[in-house]
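Undergrad: Before I ask anything, here is the structure I am working with.
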Amino acid sequence: MKEVDETFEENMNDKSDLTDLQAEVQALYDAGVPLFTKAAIRDALRQLEEVWSSGSAAEIQIAGVDGKVVSLGTAPGDWERPDELEDWRVHPHLEYHSLVSLLHGDFNPEHARLPIRVCTTCWRGRQDGNPLTSELMMHEFDRLRAEWEASQPCTELRRLIQDARVPRVDKIIAFAFASMNRTRTGELYRRSALQHCLILTLRDLLTTSTLNSNEVRCFAQDPDYGDTDKTTLTSHGVCVLEDPRGFLEVDDNSAILSANPDVPIRDIVTDLARPAMMIWNDPGDGPDHGLNEDEEGNQCGTTWTMADPNSPRLRALLDEHYVRIAFPGGIYSDELGNLAIFVRKA
Ligand SMILES: C[S@@+](CC[C@H](N)C(=O)[O-])C[C@H]1O[C@@H](n2cnc3c(N)ncnc32)[C@H](O)[C@@H]1O
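Just so it is clear: in the sequence shown, position 47 is 575 by the numbering used here, and no numbers are missing.
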């Protein structure tokens, strides 16, 4: 790592290098080069699986937006778990960088053209040992679901989807709905649970709609899930997928759900397919980035604001191919987030 940092310092002494790199990435993006492809995700997963199963370090080859392959190491020393994360699994995994993150993130010239990278220092997956057991979670989840199903926002959502003439959907894929066991106090994490209720409402609606008499399979991907989440979701017929397998399921006959993710779910999906519908954060009139200005007037972002920023490609997709329907969050607006429904035009 030290070597890279020194190279970084040397290279970035000249600010024009940074500007050139940014211009190159922006030009490739403007020319329509995808940041994310299933082939690249599948290939990275294949290599990571070898690391996961062997438990030993390897070099993972990832192609950048310029097509050149960069080798990323997964040194086992990096996998050591800090004491404060003792109940987490440490697991090398993929990182996804939006355009804004590529242009304005923590700049390392060797990685500047890589929308997909490998992270070896982060935790993944909640271990058991939380006071909220699977039995209790299932019970509390069913209670909240009954509350949600009887609510005015859910009734309104049902009406809107029924009227929307959603094209055929074979699967629902939910991203980043978080662990329902997040409170650490033994209570159900309502926010996350409510978002998961959406999956079941949508499945119910789409299996009975006139355009859609087929079975609708349900998947959920969030590295935060622990065993209690998996048991609860499986009991409702929702299959939990390890990152990045959810992305490999995305296609034109899917409905994509996501709320306030830590990763650029909307950018990834935009590059992978033109799904039948999405319920996800509404780009609205917000800016095409999550940047602020520092004291010197330079644009800079934080990991949070750059996680799933609006992007020109996302906007173009939604404007050209989708009808936007306001999400009827009502009393649940805070817990569900700033969502909107997008249904693909006929
Ligand atoms: C800010 S939290 C939002 C959680 C929840 N949706 C909410 O509104 O409170 C971001 C979520 O993104 C999830 N996340 C991170 N990487 C992900 C990935 N590769 N695929 C799916 N979810 C991911 C995190 O685990 C976390 O649960």
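Think of the CB as a built atom: it goes at the ideal place given N, C-alpha and C, for glycine as much as any other residue. A quick note: this is a predicted structure, and the numbers were derived from the prediction, not measured.
(1) Taking DSSP's pairing of strands, which residues face H621 in a bridge?
(2) Going residue by residue through the stretch 684-768, where are the continuous alpha helix (DSSP H) segments of at least 4 residues, counting only ones entirely within it?
(3) If I measure Cβ to Cβ from Q575 and keep anything under 6 Å in the same chain, skipping five residues before and after, which residues do I get?
(4) Would the beta-carbon of R852 fall within 9 Å of that of L846?
(5) Under 6 Å Cβ to Cβ from H724, same chain only, skipping five residues before and after it: list those, please.
(6) Relative to ligand 1, what is the chain-ordered list of residues with a Cβ closer than 6 Å to any of its non-hydrogen atoms?
(7) Pick from L716, D795, G857: whose alpha carbon is nearest that of V628?
(8) Just the C-alpha distance for E684 and G601, rounded to the nearest angstrom, thanks.
(9) Which residues in the same chain have their Cβ closer than 7 Å to the Cβ of L672, if we skip the five residues on either side of it in sequence?
(10) Only counting the same chain, and skipping five residues up and downstream in sequence, which positions put a Cβ closer than 7 Å to that of V778?
(11) Rounded to whole angstroms, how far is the Cβ of R597 from the Cβ of P643, which I believe are closer than 8 Å?
(12) Can you give me the C-alpha to C-alpha distance between I569 and V694, rounded to a whole angstrom?
(13) Please classify G865: is it buried, with 16 or more other beta-carbons within 10 angstroms of its beta-carbon, or exposed?
(14) For Y850, which residues from the same chain have a beta carbon less than 7 Å from its beta carbon, with the 5 sequence-adjacent residues on both sides left out?
(15) I'd like the list of long-range same chain contacts for M665, defined as Cβ closer than 8 Å, with 5 residues on each side in sequence excluded.
(16) Rounded C-beta distance between P811 and R843? I'm assuming under 8 Å.
(17) Please state the DSSP three-state secondary structure of F870.
(18) So, are the CB atoms of L631 and V561 less than 9 Å apart?
(19) Measure from the alpha carbon of F564 to the alpha carbon of each residue in Y624, G857, T547, F703, then state which is nearest.
(20) Determine the contact status of S626 and D813, defining contact as a CB-CB distance below 9 Å.
(21) Cα separation between D634 and D545?
(22) Between the alpha carbons of H639 and R645, how many angstroms are there, rounded?
(23) Give every residue of the same chain whose Cβ lies closer than 6 Å to the Cβ of C767, excluding the five residues on either side of it in the sequence, and list them in chain order.
(24) Measure how close the beta-carbons of V744 and L734 come, nearest whole angstrom, since I'm counting them as under 8 Å.
TA: Taking the structure as given:
(1) C647
(2) The stretch 684-768 contains, as complete alpha helix (DSSP H) runs of 4+ residues, the segments 718-736, 755-763 (chain order).
(3) I588
(4) yes
(5) F705
(6) F703, A704, F705, A706, R719, S720, Q723, Q749, D750, P751, D752, D771, A787, N788, P789, D790, V791, G865
(7) D795
(8) 50 Å
(9) L716, R718, A721, L722, C725
(10) Result list for V778: I701, I784, V797, L800, A801, P803, in chain order.
(11) The amino acid at residue 597 is misidentified as Arg; the sequence shows Val. Not quite, the Cβ-Cβ distance comes to about 14 Å (not below 8 Å), so this is no contact.
(12) 28 Å
(13) buried
(14) Sequence-distant Cβ neighbours of Y850 in its own chain, meaning closer than 7 Å and more than five residues away, are F870, V871, R872, K873.
(15) M708, N709, L716, T756, D757, T759, T760
(16) 6 Å
(17) strand
(18) no
(19) Y624
(20) Remark: C-beta atoms of S626 and D813 do not approach each other more closely than 9 Å.
(21) 14 Å
(22) 8 Å
(23) Contacts found: F747.
(24) 5 Å
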